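Notes follow once the structure below has been shown.
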Amino acid sequence: MLVASVMTLGIMGANAGEEVNVYSYRQTFLIEPMLSEFTKETGIKVNVKFAQKGMAEKVKQEGEYSPADVLLTVDISRLMELVNKDLVQPVDSITLKNNVPDQYRDSGDRWFALTTRARTVYSSRYRVGMLDESFDYMDLAKPKWKGKLCTRSGKHAYNVSLVSAIIANHGEVKAKTWLEGVKANLARKPQGNDRGQVKAISEGLCDLSLGNSYYLGKMLVDDEQKPWANSVYLNYIGQKSNGTHVNISGMAMAKYAPNRDNAQKLMEFLTSDVAQRLYADVNFEEPVKLGVKRSKLVASWGEYTADDLPLETIAENYTKAMKLLDEVKFDL
Numbered sequence: 000m001l002v003a004s005v006m007t008l009g010i011m012g013a014n015a016g017e018e019v020n021v022y023s024y025r026q027t028f029l030i031e032p033m034l035s036e037f038t039k040e041t042g043i044k045v046n047v048k049f050a051q052k053g054m055a056e057k058v059k060q061e062g063e064y065s066p067a068d069v070l071l072t073v074d075i076s077r078l079m080e081l082v083n084k085d086l087v088q089p090v091d092s093i094t095l096k097n098n099v100p101d102q103y104r105d106s107g108d109r110w111f112a113l114t115t116r117a118r119t120v121y122s123s124r125y126r127v128g129m130l131d132e133s134f135d136y137m138d139l140a141k142p143k144w145k146g147k148l149c150t151r152s153g154k155h156a157y158n159v160s161l162v163s164a165i166i167a168n169h170g171e172v173k174a175k176t177w178l179e180g181v182k183a184n185l186a187r188k189p190q191g192n193d194r195g196q197v198k199a200i201s202e203g204l205c206d207l208s209l210g211n212s213y214y215l216g217k218m219l220v221d222d223e224q225k226p227w228a229n230s231v232y233l234n235y236i237g238q239k240s241n242g243t244h245v246n247i248s249g250m251a252m253a254k255y256a257p258n259r260d261n262a263q264k265l266m267e268f269l270t271s272d273v274a275q276r277l278y279a280d281v282n283f284e285e286p287v288k289l290g291v292k293r294s295k296l297v298a299s300w301g302e303y304t305a306d307d308l309p310l311e312t313i314a315e316n317y318t319k320a321m322k323l324l325d326e327v328k329f330d331l
């Protein structure tokens, strides 16, 4: 459901009367610092509609009368949904091409990453310790971890992206065998969210879990969840093979954007040094622009090499990934 007019930022300066409309899957508090800075620098008012789900359906329903200019979302699959439903338009911008590495943008200039987030493995600090640097995603299927692994639904976008990357790197046959092994190692039926898996580790229900890196930061600043975070290590795995799987938050320009020039200005601003630093500090994610430092907390988790698969390649394997998850009855 799309919630109308959750946030309208103030307007100042010579551009009084100009505006840009944003539909966002990102929660308001996560993007407000960047949008406020944009308004401060340009005088362009930013109107935001926050959505928990249904963005593509809403934009499609509105058609050419949609007020949406910029679409902000998380996960490559949700960006590709917008592309596949013909709801976005290309943005030919040298600034965007310079700021966003090839791997993290569409070859047709229809979407661009804003931040990256690693799909890591959390390990029990007390029963397992830090995983060896040679540990790989494929190791999650080894019999030694039987009954010791927790994860959210295999069909959640974060896990489908990981399975898609496994297919791209190892082929469908090995990916299916891997999924069967991972399922056999589960301590319980897939459920909850990434933080819920860390909670399960802290309670002794399992020893390992899949989880996005930024959730560690979110737990560490939450009084209730901090003990969960302190019970685990975060492991950037795959460092001796393909690298750690990385997903993104990203943006696209709506097909019928009524304020196209302002939309492009906002998109370019969101990839600037100042906006990238703000993004990194607020949500414990990593800047997509090279040279912009991670927050001190995120940097303390260590350096790692990311899988260099283009996200377009990962997205191409989504249908195959969903098919394999059904075949092995992963969530049942």
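All residue numbers for the sequence shown refer to numbering that gives the first Met the number 0, where the first residue is 0 and numbers rise by one.
Ideal Cβ positions, reconstructed from N, Cα and C, are used throughout, including at glycine.
Computed from a prediction, not measured in an experiment: that's the story for all the values here.
As assigned by DSSP and simplified to three states, the class of residue i
i: Ala199; result: helix
i: Leu207; result: strand
i: Asn83; result: helix
i: Arg194; result: helix
i: Leu252; result: Here residue 252 turns out to be Met, not Leu, going by the sequence shown. Residue state, collapsed to three classes: strand.
i: Glu284; result: coil
i: Lys147; result: coil
i: Ile43; result: coil
i: Met11; result: For Met11, the predicted structure reports a pLDDT of 32, less than 50, and the residue's modelled location is therefore unreliable. The matter cannot be settled from this model.
i: Phe329; result: coil
i: Arg187; result: coil
i: Arg104; result: strand
Assigned exposure category for residue i - 16 Cβ within 10 Å defines buried
i: Met129; result: exposed
i: Arg116; result: buried
i: Asn316; result: buried
i: Ala314; result: buried
i: Arg126; result: exposed
i: Val47; result: buried
i: Gln190; result: exposed
i: Lys335; result: The structure shown has nothing for residue 335, since the chain only spans 0 to 331.
i: Val172; result: exposed
i: Pro334; result: Outside the modelled stretch of the chain, which goes from 0 to 331, sits residue 334, for which no answer is possible.
i: Val220; result: exposed
i: Ser123; result: buried
i: Glu284; result: buried
Rounded separation between residue i and residue j - CA only
i: Lys145; j: Thr27; result: 40 Å
i: Leu323; j: Lys295; result: 39 Å
i: Leu95; j: Thr114; result: 13 Å
i: Gly249; j: Val120; result: 23 Å
i: Ala3; j: Pro100; result: Legend: pLDDT at Ala3 = 41, less than 50; position of this residue unreliable, value from coordinates given subsequently. Approximately 33 Å between the Cα atoms of the pair.
i: Ala13; j: Tyr64; result: For Ala13, the pLDDT reaches just 37, beneath the cut-off of 50, and the residue's location in the model is therefore unreliable, although a value from the coordinates is still provided. The straight-line gap from Cα to Cα measures roughly 28 Å.
i: Ala183; j: Gly203; result: 18 Å
i: Arg194; j: Gly210; result: 8 Å
i: Ser23; j: Leu71; result: 5 Å
i: Ala167; j: Gly237; result: 14 Å
i: Tyr214; j: Val19; result: 30 Å
i: Lys242; j: His169; result: Just to set this straight, residue 242 is Gly in the shown sequence, not Lys. Their Cα atoms are separated by approximately 13 Å.
i: Arg293; j: Val245; result: 15 Å
i: Val5; j: Val69; result: Because Val5 carries a pLDDT of 40, less than 50, the predicted location of this residue cannot be relied on, and the following value inherits that uncertainty. Cα-Cα distance, rounded: 15 Å.
i: Gln60; j: Lys84; result: 11 Å
Distance between beta carbons of residue j and residue i, contact taken as under 8 Å
i: Lys288; j: Asp272; result: 7 Å
i: Trp110; j: Val87; result: 7 Å
i: Leu331; j: Ile247; result: The Cβ separation is near 30 Å, so there is no contact.
For residue i, the first and last residue of its enclosing alpha helix (DSSP H)
i: Glu18; result: Counting along the chain, Glu18 falls outside any alpha helix (DSSP H), though it belongs to the beta strand (DSSP E) covering Glu18 to Ser23.
i: Val291; result: Segment: none, Val291 is in no alpha helix (DSSP H) and carries neither H nor E.
i: Ile55; result: Here residue 55 is Ala; the residue named in the question, Ile, does not match the sequence. Where Ala55 is concerned, the enclosing alpha helix (DSSP H) stretches over Met54 to Glu61.
i: Arg259; result: Arg259 to Leu269
Boundaries (first-last residue) of the beta strand (DSSP E) holding residue i
i: Asn98; result: No beta strand (DSSP E) holds Asn98; the alpha helix (DSSP H) holding it covers Ile93 to Asn98.
i: Tyr232; result: Val231 to Asn234
i: Leu113; result: Phe111 to Ser123
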